[in-house]
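A.B. asks: Handing you a structure now.
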Amino acid sequence: MQFLRTAFWVVIAVALAFFCMANYVPVTVRLWGDLVMETKLPVLLIGAFLLGALPFWVMARATRWRLKRRLDNTERALAAATAPSAPPSITPAPGMAPVSLEPDAPAPTAAQADPLPSTSNSTGPA
Numbered sequence: 001m002q003f004l005r006t007a008f009w010v011v012i013a014v015a016l017a018f019f020c021m022a023n024y025v026p027v028t029v030r031l032w033g034d035l036v037m038e039t040k041l042p043v044l045l046i047g048a049f050l051l052g053a054l055p056f057w058v059m060a061r062a063t064r065w066r067l068k069r070r071l072d073n074t075e076r077a078l079a080a081a082t083a084p085s086a087p088p089s090i091t092p093a094p095g096m097a098p099v100s101l102e103p104d105a106p107a108p109t110a111a112q113a114d115p116l117p118s119t120s121n122s123t124g125p126a
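Count the sequence shown with full-length UniProt numbering and you get residues 1 to 126, in order.
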């Protein structure tokens, strides 16, 4: 992308240089009253272009500044809204035994565990 931007500005600069060389003639501009200005044509045209582009450039910079401020404010609000205020508490899933986080609590052994109910039915259908 940087290459394209540089190539674009090089083309613009070369075209402007050729235009200036081809049209480097003196021009007399009559201002109000007896005020007369003599200048070269490229200087007059480039000055007029820059003077016309100035309001749009200022407006674009102001819009960019305003949008950057809004984006920064929104990012700060999002960070404040998603920041945890307290560490999350650990709650067991429904139907599960609570988990003890204490290190000295003994783990249940196989003998202490409740056996599963028997599913075999001796009187079931044949």
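Where is the CB? At the ideal position from N, CA and C, for every residue including glycine.
Note that the structure is a prediction, hence the values are computed from the model and not measured.
For glutamate 38, write down the residues that DSSP places opposite it in a beta bridge.
C.D. replies: Here residue 38 is taken as the residue at index 38 of the sequence shown, counted from 1. DSSP lists Thr28 as partners of glutamate 38.
A.B. asks: What three-state label does DSSP hand methionine 1 in the structure shown?
C.D. replies: Translated into the one-based positions of the sequence shown, residue 1 becomes position 1. In the structure shown, methionine 1 sits in coil (DSSP, three-state: anything other than H, G, I, E or B).
A.B. asks: Alpha carbon to alpha carbon, how far is arginine 5 from valine 11?
C.D. replies: In the sequence shown, residue 5 corresponds to position 5, counting from 1. In the sequence shown, residue 11 corresponds to position 11, counting from 1. So the two alpha carbons sit approximately 10 Å from each other.
A.B. asks: Are the C-beta atoms of alanine 60 and some chain C residue less than 8 Å apart?
C.D. replies: Going by chain labels, chain C is absent from the structure shown, which holds only one protein chain.
A.B. asks: Assign glycine 33 to one of three DSSP states: helix, strand, or coil.
C.D. replies: Position 33 of the sequence shown, counting from 1, holds the residue named residue 33. Glycine 33 falls in the coil class under three-state DSSP.
A.B. asks: Only counting the same chain, and skipping five residues up and downstream in sequence, which positions put a Cβ closer than 7 Å to that of methionine 1?
C.D. replies: Residue numbering aside, residue 1 sits at position 1 when the sequence shown is read from its first letter. If we look at methionine 1 and ignore the five residues flanking it on each side, it has no Cβ neighbours.
A.B. asks: Could you tell me which of Pro42, Ala79 and Arg61 sits nearest to phenylalanine 19, measuring between CA atoms?
C.D. replies: Position 19 of the sequence shown, counted from the first residue, corresponds to residue 19. The option with the nearest alpha carbon to phenylalanine 19 is Pro42.
A.B. asks: Per DSSP, what kind of secondary structure is proline 84 in: helix, strand or coil?
C.D. replies: As a first step, residue 84 must be located in the sequence shown, where it is residue number 84. Looking at proline 84 - three-state DSSP - the assignment turns out to be coil, as it is neither helix nor strand.
A.B. asks: By DSSP, does asparagine 23 sit in helix, in strand, or in coil?
C.D. replies: On the sequence shown, position 23 is the one that residue 23 refers to. Three-state result, asparagine 23: coil.
A.B. asks: Using only CA atoms, which one of Leu50, Leu45, Leu16 and Arg61 lies nearest to valine 29?
C.D. replies: Working through the sequence shown from its first residue, we reach residue 29 at position 29. Out of Leu50, Leu45, Leu16 and Arg61, the CA that lies nearest to the CA of valine 29 is found in Leu45.
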